[in-house]
Amino acid sequence: MNNFEYKQAGNTKNAIELINNTPDAAFVAGGTNLIDLWKYDLTHPSGLIDINHLNENAEITTLKDKKVRLGAAARNADTAYHPIIEGRYPLLSKAILAGASAQIRNMASNGGNLLQRTRCYYFYDADVPCNKREPGSGCPAKEGYNRIHAILGTSEECIAVFPSDMCIALAALEAVVNVSGPNGDRSIPFEDFHRLPGDRPDIDNTLGKGEIITSIDLPEEGFSEHYSYLKLRDRHSYAFALVSVATAFKLNGNVIESARIALGGVSHKPWRSIEAEAFLKDKEATAENFAAAADLILRGAKGFGSNDFKIQLAKKAIIRNGLMALNPESQLPGALPSA
Amino acid sequence: MTKTTLNVNQQRYELNLLPWVSLLDALREHLKLTGTKKGCDHGQCGACTVICDGKRILSCLTLAVMKNDSEITTIEGIAGGDELHPIQQAFIDHDAFQCGYCTPGQICSAVGMLQEGHAHTREEVQELMSGNLCRCGANVGIIDAIMEVKDGGTHE
Chain A
1 MNNFEYKQAG NTKNAIELIN NTPDAAFVAG GTNLIDLWKY DLTHPSGLID
51 INHLNENAEI TTLKDKKVRL GAAARNADTA YHPIIEGRYP LLSKAILAGA
101 SAQIRNMASN GGNLLQRTRC YYFYDADVPC NKREPGSGCP AKEGYNRIHA
151 ILGTSEECIA VFPSDMCIAL AALEAVVNVS GPNGDRSIPF EDFHRLPGDR
201 PDIDNTLGKG EIITSIDLPE EGFSEHYSYL KLRDRHSYAF ALVSVATAFK
251 LNGNVIESAR IALGGVSHKP WRSIEAEAFL KDKEATAENF AAAADLILRG
301 AKGFGSNDFK IQLAKKAIIR NGLMALNPES QLPGALPSA
Chain B
1001 MTKTTLNVNQ QRYELNLLPW VSLLDALREH LKLTGTKKGC DHGQCGACTV
1051 ICDGKRILSC LTLAVMKNDS EITTIEGIAG GDELHPIQQA FIDHDAFQCG
1101 YCTPGQICSA VGMLQEGHAH TREEVQELMS GNLCRCGANV GIIDAIMEVK
1151 DGGTHE
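From first to last, the protein sequence lines stand for chains A and B. Here the first sequence is numbered in the working numbering, starting from 1 and rising by one per residue. Here the second sequence is numbered in the working numbering, starting from 1001 and rising by one per residue.
Written as structure tokens, this is what we have:
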């Protein structure tokens, strides 16, 4: 563990100045991932810029066009239990509450949730090679114990998964990430925020150097009638997903007008298939159709030995969660499977 | 060194801290409040749970300097003088511990959870207490104790 200096930012502009004037510094909000990585000697910030006091990024507000803005500094728990989110975006609420523990959700910020790093065992073990930690050093996960690893969008260099639950719902809802930096403000569609590993697995996302996430916007449509988040894991609570699914439908009777399906625990980013969602449009909401959509989503899926089971598990999870989304009231605490 | 004011169990402490001192170490090593336990020190076990500004948090993953001016309640501040908090009494009544190492975190977490007000059913209590591990396996007693207090002492 290295020593570091500590500075508190008063506002977003000040935060950007501080990060750009302190080489190798990092922002800290909840600290739930960063402090842990620092304790494991996996990250070595020269300074921490505390962004917990950026009041302009702390709120959850409805915008003029009925979109909803989640402040990046708002806490995961405050977001999940916010009346607007529980009412209009219950899929997001359920996904957040399926992640981590109550203590961590009280600490973790919305912006930080997007920036958390993989929990690949090899990434966390500084004694072994890892292309994400040290580009070019190798990936022992491919031939190693890879039960928790990716089946979609993998590369020769990396098979790590992105561990967030919240982001799986944000992907399904087509959220937009608003960022500020030395070159001004920009907005990044959620689909483009996280990236596949390719030959640069050390880069998790498209946030630029010196940029800060200020907020996340949710489109007006929240799919509050038919939605479900299902999370399958090795213990009932406080574990990362082996496979998770966020499903949302607009229905006319039993006919699907629009469908959103995003998978977690299977890739380096939240995984969506526009083709599968288009396939479901104007079809009956039945297990058979969900199975056909699942085959489209999982086309090209590839296991690495210990995680081969994930392909079948993901298919079953997509079908089950499709049925659960027809009856959202059946959802159980912890996003367990329900009827 | 960073000047940091911590209000712990309604007492004000002025400290000069290095920025990398965790809230857990500040409580234990600087304030000698050793009731809060260091279990994993990585946010996986919940033994270090304290209540900060009304919300339960993990003191091991929190830098003390980030909590300047915050109101913190540790296990030492849960009882009202010599009178046990109902959760503490219920833990005794329900055999909710064996070795006791996770107990301060369990009790702070339970008190925080009841304050937060999102647990309604037994299943929700189990889910919202999942950040506190008990390796002795006293979980059934722990949940029984919390349910009794939550339901006003009527739970068997």
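Don't be surprised by glycine CBs; every beta carbon is placed ideally from N, CA and C.
Q) Can you list, in chain order, the residues of its chain whose CB lies under 6 Å from that of A:A108, leaving out five sequence neighbours each side? A) Along the first sequence, read from residue 1 onward, the residue named residue 108 of chain A stands at position 108. For A:A108, where only same-chain residues beyond five positions count, the Cβ hits under 6 Å are G30, T32 and N76.
Q) Per DSSP, what kind of secondary structure is A:A239 in: helix, strand or coil? A) Counted from its first residue, the first sequence places residue 239 of chain A at position 239. When secondary structure is reduced to three states using DSSP, A:A239 falls in the coil class, being assigned neither helix nor strand.
Q. If you follow the beta strand (DSSP E) that A:I274 is part of, which residue opens it and which one closes it?
A. Within the first sequence, the letter at position 274 stands for residue 274 of chain A. Annotation: A:I274 is outside any beta strand (DSSP E); the continuous alpha helix (DSSP H) that includes it extends over I274 to L280.
Q. In chain B, which residues lie less than 7 Å from A:Y238 when you measure between Cβ atoms?
A. Within the first sequence, residue 238 of chain A is the residue found at index 238, counting from 1. By Cβ distance, chain B contributes S1130 and G1131.
(Q) Can you list, in chain order, the residues of its chain with a C-beta nearer than 6 Å to that of A:I104? Leave out the 5 residues immediately preceding and following it. (A) For this step, residue 104 of chain A is matched to residue 104 along the first sequence. Exclusion of the five residues before and after A:I104 leaves T32 as the residues of its chain whose Cβ lies within less than 6 Å of its Cβ.
Q | Neighbouring residues, chain A, relative to B:D1151 (Cβ below 9 Å) | A | Along the second sequence, one-based indexing puts residue 1151 of chain B at 151. Those do not exist, as B:D1151 stays about 18 Å from chain A at its closest Cβ, beyond 9 Å.
**Q.** Exposure label - A:R235; buried when at least 16 CB within 10 Å
**A.** Residue mapping note: residue 235 of chain A aligns to position 235 of the first sequence, counting from 1. By the 16-neighbour rule on beta-carbons within 10 angstroms, A:R235 is exposed.
(Q) Just to confirm, is the Cβ distance from A:G153 to A:W38 under 9 Å? (A) The count along the first sequence starts at 1 and reaches residue 153 of chain A at position 153. The count along the first sequence starts at 1 and reaches residue 38 of chain A at position 38. With contacts defined as CB atoms closer than 9 Å, A:G153 and A:W38 fail to qualify as a contacting pair.
Q.
Between A:D41 and chain B, is the shortest Cβ-Cβ distance under 9 Å, so that the two count as touching?
A. Here residue 41 of chain A is taken as the residue at index 41 of the first sequence, counted from 1. Answer no: the Cβ-Cβ gap between A:D41 and chain B never drops below 9 Å.
Q: Could you name the residues of chain A that B:K1055 contacts, counting a contact when the two beta carbons are closer than 7 Å?
A: On the second sequence, residue 1055 of chain B is found 55 positions in, with the first residue counted as 1. Near B:K1055 (Cβ distances below 7 Å), the residues of chain A are N106.
Q: In angstroms with no decimal places, state the Cα-to-Cα distance between A:G322 and A:E284.
A: Here residue 322 of chain A refers to the residue found at position 322 when the first sequence is read from its first residue. Here residue 284 of chain A refers to the residue found at position 284 when the first sequence is read from its first residue. One alpha carbon belongs to A:G322, the other to A:E284, and they sit about 11 Å apart.
Q) What whole-angstrom Cβ distance do A:I318 and A:A294 have, given they're in contact under 8 Å? A) The residue you call residue 318 of chain A lines up with position 318 of the first sequence. The residue you call residue 294 of chain A lines up with position 294 of the first sequence. Rounded, the Cβ-Cβ distance is 4 Å, consistent with contact.
Q.
Let me see if you follow: with CB-CB separation under 9 Å, is B:Y1126 close to chain A or not?
A. In the second sequence, counting from the first residue as 1, residue 1126 of chain B sits at position 126. The amino acid occupying residue 1126 of chain B in the given sequence is Gln; Tyr does not appear at that position. Using beta-carbon distances, B:Q1126 counts as an interface residue toward chain A, with a partner under 9 Å.
Q.
Is there a Cβ of chain B sitting closer than 9 Å to that of A:G265, yes or no?
A. Along the first sequence, read from residue 1 onward, the residue named residue 265 of chain A stands at position 265. Taking Cβ atoms only, chain B never reaches closer than 9 Å to A:G265, which makes this a no.
Q: Work out the CA separation of B:C1060 and B:C1108 for me, nearest whole Å.
A: Residue mapping note: residue 1108 of chain B aligns to position 108 of the second sequence, counting from 1. Residue mapping note: residue 1060 of chain B aligns to position 60 of the second sequence, counting from 1. Whole-angstrom Cα-Cα distance: 14 Å.
**Q.** Contact list for the region 103 to 137 of chain A against chain B, Cβ threshold 8 Å
**A.** Cβ contacts with chain B: Q103, I104, N106 and M107.
**Q.** Same chain, Cβ closer than 6 Å to B:P1019, neighbours up to 5 away in sequence not counted
**A.** Indexing the second sequence from 1 puts residue 1019 of chain B at position 19. Within its own chain, the residues whose Cβ lies closer than 6 Å to the Cβ of B:P1019, once the five positions on either side in sequence are excluded, are T1002 and V1065, listed in chain order.
(Q) Taking CB distances under 9 Å as the criterion, tell me whether B:E1116 reaches chain A. (A) Residue 1116 of chain B sits at position 116 when you count from the first residue of the second sequence. Yes, its Cβ sits closer than 9 Å to a Cβ of chain A.
Q: Identify the continuous alpha helix (DSSP H) that holds B:Q1011 and give its terminal residues.
A: Here residue 1011 of chain B is taken as the residue at index 11 of the second sequence, counted from 1. That residue, B:Q1011, is in no alpha helix (DSSP H); its beta strand (DSSP E) goes Q1011 to L1017.
Q) Relative to the ligand PLP, is the shortest distance from any of its heavy atoms to the C-beta of A:Y145 smaller than 8 Å? A) Absence of the ligand PLP is noted for the structure shown, with no ligands found whatsoever.
Q. Which of helix, strand or coil does DSSP assign to A:D50?
A. Here residue 50 of chain A is taken as the residue at index 50 of the first sequence, counted from 1. A:D50 falls in the strand class under three-state DSSP.
**Q.** Chain-ordered neighbours of A:N3 on chain B, where CB pairs are closer than 7 Å
**A.** Within the first sequence, residue 3 of chain A is the residue found at index 3, counting from 1. Neighbours of A:N3 on chain B, chain order: W1020.
Q.
Based on DSSP bridge pairs, tell me the residues matched to A:G264.
A. Indexing the first sequence from 1 puts residue 264 of chain A at position 264. A:S244.
Q | Within 9 Å, strictly: CB atoms of A:E157 and A:G198 | A | Against the first sequence, residue 157 of chain A aligns to sequence position 157. Against the first sequence, residue 198 of chain A aligns to sequence position 198. Yes; because the gap between Cβ atoms is below 9 Å, this pair is in contact.
Q | Under 8 Å by beta carbon: chain A residues contacting B:S1109 | A | Here residue 1109 of chain B refers to the residue found at position 109 of the second sequence. Within chain A, the residues near B:S1109 are A102 and Q103.
Q) With 9 Å set as the bound, which would you pick, yes or no: does the beta-carbon of B:G1043 sit closer than that to a beta-carbon of chain A? A) What you label residue 1043 of chain B is simply residue 43 of the second sequence in a count that begins at 1. Chain A, which has a Cβ nearer than 9 Å to the Cβ of B:G1043, makes this yes.
(Q) I'd like to know whether the C-beta atoms of A:R320 and A:I216 end up nearer to each other than 9 Å. (A) In the first sequence, residue 320 of chain A corresponds to position 320, counting from 1. In the first sequence, residue 216 of chain A corresponds to position 216, counting from 1. For A:R320 and A:I216, no; Cβs fall outside 9 Å.
Q | C-alpha distance - A:P45 paired with A:D24, whole-angstrom precision | A | If you number the first sequence from 1, residue 45 of chain A lands on position 45. If you number the first sequence from 1, residue 24 of chain A lands on position 24. Distance between the alpha carbons of A:P45 and A:D24 is about 6 Å.
Q | Below-9 Å beta-carbon distance, A:D234 vs any chain B residue | A | In the first sequence, residue 234 of chain A corresponds to position 234, counting from 1. Among the residues facing chain B, A:D234 is not included, as its CB has no counterpart in that chain under 9 Å away.
Q.
Only counting the same chain, and skipping five residues up and downstream in sequence, which positions put a Cβ closer than 7 Å to that of B:E1156?
A. Here the question's residue 1156 of chain B lines up with position 156 in the second sequence. Interpretation of B:E1156 is limited by its pLDDT of 47, a score under 50 that renders its predicted location unreliable; no figure is taken from the coordinates.
Q.
Please state the DSSP three-state secondary structure of A:Y89.
A. For the purposes of this step, residue 89 of chain A is taken as residue 89 along the first sequence, with counting starting at 1. It is coil, neither helix nor strand.
Q: Within the same chain, show all residues whose beta-carbon is closer than 8 Å to that of A:N14, passing over the 5 residues directly before and after it, in chain order.
A: Residue 14 of chain A sits at position 14 when you count from the first residue of the first sequence. If the five residues before and after A:N14 are omitted, its C-beta is found closer than 8 Å to no C-beta atom of its own chain.
Q: Taking all protein chains shown into account, decide if A:V255 is buried (16 or more other Cβ within 10 angstroms of its Cβ) or exposed.
A: Mapped onto the first sequence, residue 255 of chain A falls at position 255. That one is exposed.
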